[in-house]
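Engineer:
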Amino acid sequence: MKRDVDIDRYPVGAKVQTPSGRIGVVIKHKGAESKHDHFMRVTVQLENGKRDLVTLQPKLLKLVERP
16 MKRDVDIDRY
26 PVGAKVQTPS
36 GRIGVVIKHK
46 GAESKHDHFM
56 RVTVQLENGK
66 RDLVTLQPKL
76 LKLVERP
């Protein structure tokens, strides 16, 4: 199992790869959603279109290119 990854490793504008192999660009960082959910998340806009978004934990992403 991967250890927690610092969200600053994926700055806004960074190109990343999702677990499914799709490539996208980081558009924002999100904090924990509730008291019971302590994970930070990264929202990624996929290269296929403006409306294709995913929100994932940073430990699931692979950095392709920094901005």
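Just so we're aligned: the sequence shown equals residues 16 to 82 in the working numbering. For every residue, glycine included, the Cβ atom is placed at its ideal position computed from N, Cα and C.
Does the Cβ of G39 have 16 or more other Cβ atoms within 10 Å, making it buried, or fewer, making it exposed?
Structural biologist: buried
Engineer: Quick one, which of P73, E62, G28, V27 has its alpha-carbon nearest H53's?
Structural biologist: P73
Engineer: Confirm, please, whether the CB-CB distance from P26 to R6 is below 8 Å.
Structural biologist: Since the first residue shown for the chain is 16 and the last is 82, residue 6 is missing from the structure and cannot be characterised.
Engineer: Which residues bound the beta strand (DSSP E) around R56?
Structural biologist: 56-61
Engineer: Taking the CB atoms as reference points, tell me whether Q79 and V57 lie closer together than 8 Å.
Structural biologist: A small correction: the amino acid at residue 79 is Val; Gln does not occupy that position in the sequence shown. The answer is no: Cβ separation not under 8 Å.
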